[in-house]
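What follows is one structure encoded as structure tokens, with my remarks underneath.
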Amino acid sequence: MSTALLPVIQTQLVRFGTTVILFLGCFGNGYVVFLFIRHRKNACAMFLLSAAVMNIIYLVFSIPLTVYTYEYGDPSLYSMSLCKLRYYLFHVWGQMSRYFILLACIDRFALTHMNANMRALSQPHIARRWIVITTIFWHLFALHIVIMTTVKNGRCGYFDLYSTLNSIYVLIFVCLLPPVGMGIFGYLALLNMKRLHNRVQTTGTANASIVIHRQDRNLLVMVLAEVLIYVVTMSLYPAIILELAVTNPMATSKSLQQVQIENFILFIAQILIYINTSAPFYIYLTVSKTFRKDFKETFNIFIHTS
1 MSTALLPVIQ TQLVRFGTTV ILFLGCFGNG YVVFLFIRHR KNACAMFLLS AAVMNIIYLV
61 FSIPLTVYTY EYGDPSLYSM SLCKLRYYLF HVWGQMSRYF ILLACIDRFA LTHMNANMRA
121 LSQPHIARRW IVITTIFWHL FALHIVIMTT VKNGRCGYFD LYSTLNSIYV LIFVCLLPPV
181 GMGIFGYLAL LNMKRLHNRV QTTGTANASI VIHRQDRNLL VMVLAEVLIY VVTMSLYPAI
241 ILELAVTNPM ATSKSLQQVQ IENFILFIAQ ILIYINTSAP FYIYLTVSKT FRKDFKETFN
301 IFIHTS
């Protein structure tokens with residue numbers, strides 16, 4: 001396929017693909033908020049609720065601006081404030097969502113731990129504290145983006161040494177820490193859950209404990225499935241970021257064909273991030289029988305009352 005077609009494909013995906021992602025993402029995350037807001041006494045549900053809220057905010061502001069940029073030009077070129085806030089806020093909102101999922105994995109690990117002190121950490125008031133801490137942390141920790149992002153050579157973005165430093169920062173805090181942390185704590189929570197299950201079978205625990213165990217296992221499966229999709233959809237992003245970080249500082253100029261290929265891969269990586277942000281509802285619907293039952297009941301109520 002000729003590289004001349006890549007910008008055309010990119011434009012069509014922006015016009016139609018992102019619109020579908022926006023609609024499905026807002027609908028899906030909206031239902032997740034509606035469902036989990038009734039389960040605020042569960043720490044894991046609070047983290048998933050917070051992630052869904054950030055997903056909606058991210059999609060609602062990011063996708064329309066992306067479409068507008070492709071259709072009419074980048075408005076941030078004419079406003080330094082918009083240029084800085086665009087990169088800063090989209091990054092902060094995305095990071096908050098990712099780290100809320102990481103906290104959900106840590107919560108599942110704590111709740112399934114054999115140690116009572118560890119299990120005591122899975123409490124709604126502690127979850128609320130961590131949600132506030134995470135929100136404040138990312139708004140402060142990412143302030144370097146506001147300071148260093150600028151308009152240069154007709155482009156809003158990162159330049160010179162900061163471009164390389166930001167690529168390293170993204171590789172560590174976006175591409176490495178979240179999936180590794182999710183994977184580690186998710187795997188440990190799964191091991192703990194298996195030990196709990198074996199203990200229940202051996203000791204013949206009361207039925208109430210088994211019901212609680214099943215509810216927690218359901219949330220764990222939902223979180224682990226989301227982690228798996230996160231790893232899959234984010235796998236391209238670190239590869240292209242690393243390639244750009246290595247090749248951009250080189251003195252040799254790139255050919256038009258190479259630039260078009262890089263831009264297209266970076267665009268596809270961004271589309272995959274949008275898909276990941278829109279996916280939680282559909283992941284939960286696929287892996288959780290309880291979630292499907294709740295959705296079916298909600299849908300039936302809506303049909304009968306409309």
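Residue numbers (UniProt numbering): 1 to 306.
All C-beta atoms, glycine included, are put in the ideal place defined by N, C-alpha and C.
Proximity of the stretch 46 to 66 to the stretch 18 to 36 meets the contact definition, three or more beta-carbon pairs being nearer than 8 Å.
A straight line joining the alpha-carbon of L111 with that of N218 spans about 13 Å. G17 is positioned such that its CB atom lies closer than 8 Å to that of I271.
Leaving aside the five residues that flank F264 on each side, the residues in its chain whose CB is nearer than 7 Å to its CB run, in chain order, L6, Q10. Inclusion of L59 and S278 in the CB contact set at 8 Å is warranted, their separation being smaller than that value.
Between the C-alpha atoms of Y162 and G25 there is a straight-line separation of about 33 Å. Taking 8 Å as the cut-off, the Cβ atoms of L188 and F109 count as close. A distance below 8 Å separates the beta carbons of S288 and M222.
Assigned with DSSP and collapsed to three states, R155 falls in strand.
Residue environment analysis places D160 among the exposed positions, since fewer than 16 neighbouring C-beta atoms fall within 10 angstroms of its C-beta.
Between the stretch 67 to 80 and the stretch 131 to 146 there are fewer than three C-beta pairs closer than 8 Å, too few to call the two in contact. If one requires a minimum length of 4 residues, the alpha helix (DSSP H) runs lying completely within the stretch 142 to 198 are 143 to 148, 160 to 170, in chain order. For A142, the closest C-alpha among the options L89, V231, T66, F47 is that of L89.
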